[in-house]
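Since the structure comes first, as structure tokens, the remarks are kept for the end.
In this note's numbering, the protein residues as written are 47 to 435.
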């Protein structure tokens with residue numbers, strides 16, 4: 047792939063789609079600094095819903111999609127963590143409670159739902175409650191992100207139909223046959239958002255496909271994690287913050303084998319959890335490169351969840367939000383990197399600048415930035431670091 051373009055070159059730099067950090071706790075960091083550091087879109091994976099709902103559209107912030115509260119078993123992770131403020135955790139003990147909790151997150155504007163399956167830190171939802179949570183989220187048109195930690199939790203989440211892991215699994219080396227199943231696209235359709243909620247929604251949903259994007263009857267935009275059976279957020283650097291612990295080695299090994307089997311891994315840092323850079327994290331990118339991702343793959347991992355219309359030029363699929371025209375884009379000044387040098391690629395991406403759409407659509411002559419597809423339907427640092435976040 048030597049010499050292959052990583053983006054659309056402009057006058058003195060390169061245009062890219064918006065860069066996305068798919069695992070952030072925005073309430074623990076300075077959102078303005080995150081955007082200044084080159085991140086245009088964040089997925090907030092757990093906070094107080096009434097606070098999170100005010101973030102999207104705030105001037106100077108990245109674009110925000112959020113999960114709302116962590117859904118967990120009574121007494122489960124992270125209900126006992128000092129960094130989790132009152133209202134950021136909902137404990138669910140029964141299927142009915144899980145269904146009601148999902149509905150509350152959707153009512154708050156959540157783009158997806160997060161469930162905690164951390165068996166090393168306390169109780170986790172039982173099988174029936176987890177199935178009800180996942181099934182009802184899907185019936186409401188929301189994908190499910192899971193924190194999986196502890197022996198067997200990754201397999202259990204996958205069997206329950208979870209769409210994305212908040213971390214590349216790091217507490218066990220996953221079997222190749224399990225990785226192969228996780229990497230396979232799902233083959234049967236998800237229920238329509240407006241369909242009634244039958245008992246069958248408790249059925250594991252891991253064979254469904256994901257349409258490219260859709261809206262609820264209430265027209266709330268939300269993210270759809272398209273593509274593979276279950277995608278992973280990387281969060282490799284959080285295991286040591288530059289001084290890798292054993293968990294990072296396990297996670298890198300899992301990522302290497304998962305990607306080799308066709309699995310999807312997106313860039314995410316668990317920002318807010320310890321001393322992580324506010325913006326693009328070159329250590330995270332170098333760890334992904336160590337797991338076998340080449341320069342194109344790194345750009346794809348950073349842009350796969352970019353809003354529709356800002357598609358990565360490097361063969362990667364994308365995720366659509368309900369919003370068709372991205373307001374932000376990315377400009378990387380200077381010459382493109384040597385694509386065969388991971389350090390050079392990481393340092394180059396760390397120079398990224400978030401640019402407003404009106405500036406991004408006026409690049410150098412003859413170097414058109416890729417415009418949105420037409421849509422016929424529309425005219426800091428955690429003071430109490432916790433590697434399990």
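All residues carry an ideal CB built from backbone N, CA and C; glycine is no exception.
- Sequence-distant Cβ neighbours of residue 298 in its own chain, meaning closer than 7 angstroms and more than five residues away, are 282, 333, 336, 337.
- In this structure, residue 130 and residue 109 do not form a Cβ contact; the two beta carbons are roughly 24 angstroms apart against a cut-off of 8 angstroms.
- Considering only 151, 64, 219, 212, the residue with the shortest C-alpha distance to residue 179 is 151.
- Short of 8 angstroms from the beta carbon of residue 82, and not among the five residues preceding or following it, lie these beta carbons of its own chain, in chain order: 324, 325, 400.
- Annotation: residue 328 to residue 88 spans about 17 angstroms, alpha carbon to alpha carbon.
- Under the DSSP assignment, residue 304 falls in the alpha helix (DSSP H) whose first and last residues are 292-306.
- When the alpha-carbon of residue 387 is set against those of 331, 134, 347, 374, the nearest one is in 331.
- Counting every other CB atom within 10 Å of its CB across the protein chains shown gives residue 171 a total of 16 or more, marking it as buried.
- A Cβ-Cβ contact shorter than 8 angstroms links residue 211 with residue 192.
- Of the residues assessed, residue 293 falls on the buried side of the cut-off, its CB having 16 or more other CB atoms within 10 angstroms.
- Distance between residue 182 and residue 60, taken at the CA atoms: about 42 angstroms.
- Assigned with DSSP and collapsed to three states, residue 101 falls in coil, not helix or strand.
- Between residue 173 and residue 190, the CB-CB gap reaches or exceeds 8 angstroms.
- Sequence-distant Cβ neighbours of residue 148 in its own chain, meaning closer than 8 angstroms and more than five residues away, are 117, 159, 179, 182, 183, 186, 188.
- In the three-state DSSP reduction, residue 322 falls in the coil class, being neither helix nor strand.
- Annotation for residue 193: the continuous beta strand (DSSP E) segment containing it runs 189-195.
- For the 8 angstroms CB-CB criterion, residue 312 and residue 301 do not form a contact.
- In the DSSP assignment, residue 184 falls within the unbroken alpha helix (DSSP H) covering 173-185.
- Excluding five sequence positions before and after residue 196, the CB atoms of its chain that fall closer than 7 angstroms to its own CB belong to 164, 165, 166, 217, given in chain order.
- For residue 90, the enclosing beta strand (DSSP E) stretches over residues 87-90.
- Distance from residue 64 to residue 376 at the Cβ level is roughly 6 angstroms; contact confirmed, criterion being Cβ atoms closer than 8 angstroms.
- Shown here, residue 381 sits in coil according to DSSP, grouped into three states, outside any helix or strand.
- The secondary-structure analysis by DSSP pairs residue 210 across a beta bridge with 191, 277.
- Measuring C-alpha to C-alpha distances from residue 68 to each of 346, 397, 339 identifies 346 as the nearest.
- Here residue 373 carries a coil assignment [DSSP, helix/strand/coil].
- In this structure, DSSP gives residue 229 a helical state, which the three-state scheme calls helix.
- Around the beta carbon of residue 111, a 10 Å sphere encloses 16 or more other beta carbons of the protein chains shown; the residue is thus reported as buried.
- In chain order, 94 place their CB closer than 6 angstroms to the CB of residue 133, counting only its own chain and leaving out the 5 sequence neighbours on each side.
- Here residue 112 carries a strand assignment [DSSP, helix/strand/coil].
- Counting other Cβ atoms within 10 Å of its Cβ, residue 146 stays below 16 and is therefore classed as exposed.
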